[in-house]
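Note that the sequence shown ends on residue 247 in numbering that gives the first Met the number 0; no numbers are left out. Backbone N, C-alpha and C fix where the C-beta goes; we use that ideal spot for every residue, glycine too. Take a look at the structure below.
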Amino acid sequence: MKKLIAGNWKMNLNRQESVNLAEDLRSGLPKSPAAEYVVCPPHVYLHEVIKALEGSALAVGAQDCSAFDDGAYTGEVSAGMLKDIGCKYVILGHSERRQYHSETDELVAQKAAKAHEQGLITIICVGETGGEREKGQEQEVVGRQLRNSLPDCATYKNTVIAYEPVWAIGTGKTAAPQDAGTMHSFIRQRLQAEADGGDLFRILYGGSMKPENAADLLSTANIDGGLIGGASLKADQFIAIAKSAQND
Ligand code: PGA
Numbered sequence: 000m001k002k003l004i005a006g007n008w009k010m011n012l013n014r015q016e017s018v019n020l021a022e023d024l025r026s027g028l029p030k031s032p033a034a035e036y037v038v039c040p041p042h043v044y045l046h047e048v049i050k051a052l053e054g055s056a057l058a059v060g061a062q063d064c065s066a067f068d069d070g071a072y073t074g075e076v077s078a079g080m081l082k083d084i085g086c087k088y089v090i091l092g093h094s095e096r097r098q099y100h101s102e103t104d105e106l107v108a109q110k111a112a113k114a115h116e117q118g119l120i121t122i123i124c125v126g127e128t129g130g131e132r133e134k135g136q137e138q139e140v141v142g143r144q145l146r147n148s149l150p151d152c153a154t155y156k157n158t159v160i161a162y163e164p165v166w167a168i169g170t171g172k173t174a175a176p177q178d179a180g181t182m183h184s185f186i187r188q189r190l191q192a193e194a195d196g197g198d199l200f201r202i203l204y205g206g207s208m209k210p211e212n213a214a215d216l217l218s219t220a221n222i223d224g225g226l227i228g229g230a231s232l233k234a235d236q237f238i239a240i241a242k243s244a245q246n247d
């Protein structure tokens with residue numbers, strides 16, 4: 000399966016910087032890619048980044064969407080609106096949303112169902128905290144998140160899983176490829192048991208992925224790509240990671 004390299008820009012960059020980064024990626028990423036690429040800017044810059052990347056191999060995704068179709072939901076952006084402006088992907092259930100916005104697995108599943116109705120591909124994030132890993136609960140936590148955050152309509156075609164250990168996000172601490180590999184094969188087994196086409200789901204690793212560790216992580220069994228935060232804000236770093244995915 001083709002690897003997927005996804006950039007999560009989070010709440011960073013201004014309008015001009017977003018367009019510049021998109022243009023730098025457009026010109027710097029491999030022209031006949033053996034991997035797929037997506038960038039996820041903040042909502043307000045989606046439209047301009049989509050315009051800057053029109054006709055390129057780079058897809059655009061959002062970082063969240065509403066669990067509702069439309070109506071009186073101040074501040075929300077619906078999956079239909081994202082589809083309407085040309086988004087292909089949406090990240091859901093990122094640990095920062097789970098932590099700062101109290102998002103539950105059930106809410107993530109509701110959002111994902113709306114995104115799938117609109118034909119968006121969801122990148123659904125799961126991952127344990129450092130405390131949970133210390134207590135040896137990582138598989139229990141990730142297994143539960145996986146079971147409850149995926150709607151019934153989830154298939155390998157409309158859903159990508161991102162395993163992001165919370166203790167590795169933005170901290171510079173990366174999961175060792177063996178530990179990430181153990182969790183990825185656990186996730187694979189769960190998908191095989193609980194979803195159709197479990198072998199075909201892409202399972203991304205996220206958490207301080209950077210050019211120096213990308214090749215090792217991306218060549219580990221069941222790591223089918225990366226969800227990259229900090230290093231996706233620098234064109235040269237994102238491109239270097241993308242090239243490691245090509246070599247695999
Ligand atoms: P990071 O973020 O690469 O900065 O650790 C990853 C993410 O949160 O998606």
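Which stretch, first to last residue, makes up the beta strand (DSSP E) that contains Thr121? 120-125
What are the start and end residues of the beta strand (DSSP E) that includes Lys2? 2-7
What are the partner residues of Glu35, as DSSP defines its beta bridges? Leu3
For Thr181, the three-state DSSP class (helix, strand or coil): helix
Between which two residues does the beta strand (DSSP E) containing Ile168 stretch? It is not in any beta strand (DSSP E) - Ile168 carries neither H nor E in the DSSP assignment.
Just the Cα atoms here: how many angstroms apart are Ala39 and Ile49? According to the sequence shown, residue 39 is Cys rather than Ala. C-alpha separation (whole angstroms): 10 Å.
Cutting at 6 Å between CB atoms, please list the residues of its own chain near Leu199, excluding the five before and the five after it. Tyr155
Let's test the definition: count the other Cβ atoms within 10 Å of the Cβ of Asn13 and tell me whether it reaches 16, buried, or not, exposed. exposed
Closer than 7 Å: Ser148 CB and nearest ligand 1 heavy atom: no
Around the C-beta of Met0, are 16 or more other C-beta atoms found within 10 angstroms, so that it is buried, or is it exposed? exposed
Excluding sequence positions up to five away, which residues of its chain have a Cβ less than 7 Å from the Cβ of Leu45? Val59, Ala61, Ile84, Cys86
Let's test the definition: count the other Cβ atoms within 10 Å of the Cβ of His115 and tell me whether it reaches 16, buried, or not, exposed. buried
Suppose contacts are defined by Cβ-Cβ distances below 8 Å. Is Ile160 in contact with Leu203 by that definition? yes
Met208 versus Phe67 - alpha carbon distance: 33 Å
Could you give the residue range of the beta strand (DSSP E) that holds Gly74? Counting along the chain, Gly74 falls outside any beta strand (DSSP E), and DSSP gives it neither H nor E.
For Ser243, which of Asp23, Glu22, Glu35, Leu20 has the nearest alpha-carbon? Glu35
Gln15 to Glu139 span [Cα, whole Å]: 43 Å
Best match in Arg96, Gly92, Ile240 for proximity to Asp223 [C-alpha to C-alpha]: Ile240
C-alpha distance - Thr248 paired with Ile227, whole-angstrom precision: Because the chain here runs from 0 to 247, residue 248 falls outside it and cannot be looked at.
Under 8 Å, Cβ to Cβ, is there at least one residue of chain C near Ala234? Looking at the structure shown, chain C is missing, and only one protein chain is on hand.
Anticipated Cβ contact below 8 Å, Ser94 with Ile186, distance rounded: Going by Cβ atoms, the distance from Ser94 to Ile186 rounds to 15 Å, so no, they are not a contact pair.
Could you tell me the distance, in whole angstroms, from the CA atom of Thr181 to the CA atom of Ala71? 44 Å
Taking DSSP as the reference, what is the three-state secondary structure of Tyr155? coil
Where the beta strand (DSSP E) containing Leu203 begins and where it ends: 201-205
Cys84 by DSSP, collapsed to three states: which one? In the sequence on display, residue 84 carries Ile and not Cys. Three-state DSSP puts Ile84 in coil, outside helix and strand.
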